[in-house]
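Below: one structure, written as structure tokens.
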Amino acid sequence: MSENLATLTLLQGRLRQQVEELIAQMQQRGVAGDPSLETVFRELPLAPPAMLEAETRLGERRLREALAPEQRSLQHLQRAEAAFRDVQVQQGGGGGGGTPGSVGSGAEELADLFELELDRLRNQYETVQRGQQQQQDQEVDEALQKLEELARRQQQMNERAAAQQRGAAGGGQGQQQQMIQETEELARQLQRLGREGDRADVEESARRLQQAADEMRRAQAQGRRGQGQAEASNALDRLREARRLLENRQVAAVEREVEDAARRADRIAERQRELQRDVNEDPTGGDRERLAGLRERKAELAGEVDQLETDLDRLAREARQDQPEAARRLLEAAGEIRESRLRDKLNFSRGALGAQTEDFVRNFEEQITRDAENVRARVQAARDALSESDPRRLGRQLDETRDLVRGLESLQERLQQGEEGQGEEGQGQEGQGQQEGQGQQQGQEGQGQQGEGQQGGQGEQGGEGQQGGQQQGEGQGQGGRGGQPGQPGEAPRGGQGFAPGGGGGGGGGPWLSPEDVRQFQREFRERGQDARRLRDELGQEGVDVGDLDRAIAGLDRLRTMGDFDDPEELAALQADVLRGLKDFEFALRRELGSQIERFFLSGSDDVPEEYRELVEAYYRALSEDPPP
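FYI, in my numbering the residues of the sequence shown are 373 to 1000.
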């Protein structure tokens, strides 16, 4: 990059000197005092100072700061050119109130000078802009690799934490702290890149990373108490969201550069047509100054062709994974430049001007124009191929569906843990009451008993009498495993793992705290939003999303259930949502299978490595048991 910047700095200096020479030439020709050229001489001298500022910034390797003065200098030159073109139109071959000696005789030559300098400056500006964009893209690609590694490590930590849930808590704290630091560092890097490149998607990815770091901190704090799985799962979700944003941005960056290449190929073809027209007006090169201008324009165009060929090869490599058809066509376009030897023909034609016969020059220019048109058509075909369906996109959507299923399964497990924790708390409190009660009978082991005169301070009596100096208030008795139906403190048996709301004899009130309720409602809402985004994207692909629509409706009902105080309804509804999502995931697997089959039946042996991994993942998924 530093070598390219040094070259750009030298080119910028040469370009500034050429504009200054243009101003001096116009003054020497005596046209500076012409009133019709007032705008030209007002705008043109403003360009060199801005170009000098850009040259200084490039020398300091401050690429972003160089763009603003580059833009200003280009605007001044464009205004000067537009004003000069207006003068040409008004005078129309020397008439119309102008001074033929001052403007008409040198109009064409001056117009050629304007066009040449503007083309150079435009190329300079676009080169700087492309260089900055490519540097940012490279940094984002590196950040994406780091993000993928962070997501992998977070998933491993979550799996270890789940395996150790009933073992010793607090393990892996040092690893989690390192993850937090690396995640926040990456978030700051992406925030900077997003601001510098004015890229909202990169900044949004940075926000998701910061949210992941916040969730990691909460998971770390909860992990010291043997909890924190919910927060760790949320952190992994945020990391995956950030990764997807960058992956989408990566694909969009390639598409943007292909669009830019198509515009450049179009401009090359148009400029060659203009050159052919100008050469045909004087194929023998009688006007020596005009001949020098034509040769210089051809040299500039040959440089553009050379740069386009290099960029097409690079884009083909970058697009190979996500846009294989576009990549193939990009290679064809670069091959067209090489096979037609377009750059060599442009350079050869410079010497042919004024040295070859009129027919030779005309025929050679016609061939160059045809070659440039062929290149333009090839690049446009590559651009058009970007809009074709990509099977890898369906694979990504399948991954998102799996993540949605896993997220809901995690919610279900955490609700089950809430029930188990409440049951253990009730048993512990009941046992404590039995130990503190006076005259307890041996062998009862905390089992709930009915009737009056019970020993051991049983909580099912709801406060009828005092045992061992303890006064049990009504509704404060402790429910245990032996509680009989109809008594306060009773817990349901079975119920698919969900506990009821509090009240009665529940030791400590509802089975979920208000904070827990809000957390679960928020997560149901987020899962619903993820499902809606997935539904919209898959619907555009023509995928049947009926099962997904029903799951979304179920998620909406879960989110609005209030305090989750009806365990049977909660269990049934969540089981129904999960069943619908698994049905949809299985149907999506089959759809992916048909895409893969069509790909291989097409006879292509060039299967990208990433696509092979997708195929393997698909068949591994098919080997799993289908949803019940």
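Quick reminder that beta carbons are idealized off the backbone N, C-alpha and C, glycines included.
Does the beta-carbon distance from residue i to residue j come in below 8 angstroms?
i: Thr381; j: Glu427; result: yes
i: Asp573; j: Arg616; result: no
i: Ala352; j: Ala699; result: This structure cannot settle anything about residue 352, because the visible part of the chain is limited to 373 through 1000.
i: Arg662; j: Arg722; result: no
i: Ile370; j: Gln644; result: The chain is shown only over 373 to 1000; residue 370 falls outside these bounds and no answer can be derived.
i: Ser510; j: Gln548; result: One detail in the question is off: residue 510 reads as Gln in this sequence, not Ser. Result no, Cβ atoms of Gln510 and Gln548 do not sit closer than 8 angstroms.
i: Glu568; j: Arg750; result: no
i: Ala602; j: Arg786; result: yes
i: Arg580; j: Ala614; result: yes
i: Glu627; j: Leu758; result: yes
i: Gln784; j: Gln891; result: no
i: Pro420; j: Arg444; result: no
i: Leu953; j: Val747; result: no
i: Leu647; j: Lys670; result: yes
i: Gln561; j: Ala515; result: yes
i: Leu950; j: Thr773; result: no
i: Glu681; j: Arg713; result: no
Can you grab the Cα-Cα spacing for the pair residue i / residue j, in whole Å?
i: Glu576; j: Ala903; result: 19 angstroms
i: Asn530; j: Gly926; result: 27 angstroms
i: Arg894; j: Thr932; result: 10 angstroms
i: Lys518; j: Leu920; result: 32 angstroms
i: Ala939; j: Ala923; result: The identity of residue 939 in the sequence shown is Pro, whereas the question assumes Ala. Those two C-alpha atoms are separated by around 19 angstroms.
i: Gln527; j: Glu898; result: 20 angstroms
i: Ala452; j: Glu415; result: 6 angstroms
i: Asn652; j: Arg734; result: 6 angstroms
i: Arg689; j: Ala944; result: 51 angstroms
i: Leu565; j: Asp937; result: 47 angstroms
i: Glu913; j: Glu781; result: 27 angstroms
i: Asp756; j: Asp632; result: 13 angstroms
i: Gln400; j: Glu737; result: 34 angstroms
i: Leu446; j: Phe732; result: 37 angstroms
i: Gln799; j: Val623; result: Because Gln799 sits at a pLDDT of 49, beneath the cut-off of 50, its placement in the model cannot be relied upon, and the following sentence gives the value as read from the coordinates. Approximately 56 angstroms between the Cα atoms of the pair.
i: Arg907; j: Arg742; result: 47 angstroms
i: Gln550; j: Arg635; result: 46 angstroms
i: Asp771; j: Ile552; result: 25 angstroms
i: Pro696; j: Leu942; result: 47 angstroms
i: Leu687; j: Leu618; result: 18 angstroms
i: Ala753; j: Arg701; result: 7 angstroms
i: Glu392; j: Met398; result: 10 angstroms
i: Leu409; j: Gln679; result: 36 angstroms
i: Ile395; j: Leu383; result: 19 angstroms
i: Asp928; j: Val889; result: 15 angstroms
i: Asp659; j: Gly707; result: 37 angstroms
i: Val630; j: Gly431; result: 29 angstroms
i: Ala534; j: Gly779; result: 14 angstroms
i: Asp586; j: Leu439; result: 37 angstroms
i: Met588; j: Gln693; result: 32 angstroms
i: Ser605; j: Asp683; result: 42 angstroms
In its own chain, which residues sit with a C-beta less than 8 angstroms from the C-beta of residue i, not counting the 5 before and 5 after it?
i: Arg612; result: Ala523 and Asp775
i: Asp948; result: Gly926
i: Thr411; result: Arg451, Ala452 and Ala455
i: His448; result: Glu415, Leu416, Leu418, Ala419 and Ala422
For residue i, which residues in the same chain have their Cβ closer than 7 angstroms to its Cβ, ignoring the five residues on either side in sequence?
i: Gly385; result: Glu427
i: Asp650; result: Leu666
i: Ala674; result: Arg715, Leu718 and Asn719
i: Thr656; result: Gly726 and Glu730
i: Asp458; result: none
i: Glu520; result: Arg615
I'd like the list of long-range same chain contacts for residue i, defined as Cβ closer than 6 angstroms, with 5 residues on each side in sequence excluded.
i: Ala584; result: Thr555, Ala607, Arg610 and Leu611
i: Val917; result: Arg907, Leu910 and Gly911
i: Arg571; result: none
i: Pro637; result: The sequence shown places Ala at residue 637, not Pro. The answer, listed in chain order, is Val747, Arg748 and Val751.
i: Ala744; result: Ile640, Ala641 and Gln644
Quiz item: What residue ranges within the segment 645-727 form continuous alpha helix (DSSP H) runs of no fewer than 4 residues, ordered along the chain?
Solution: Correct list: 660-691, 696-712 and 714-724.
Practice problem: Within the segment 573-624, note down every full beta strand (DSSP E) run reaching 3 residues or more, in order along the chain. | Solution: Counting only runs of at least 3 residues, the segment 573-624 fully encloses no beta strand (DSSP E) element at all.
Self-check item: beta strand (DSSP E) runs contained entirely in the segment 882-964, provided each spans 3 or more residues
Solution: Not a single unbroken stretch of the beta strand (DSSP E) spanning 3 or more residues falls wholly within the segment 882-964.
Quiz item: Going along the chain, which unbroken runs of the alpha helix (DSSP H) with 4 or more residues stay wholly within the segment 416-455?
Solution: List check, alpha helix (DSSP H) in window: 419-431.
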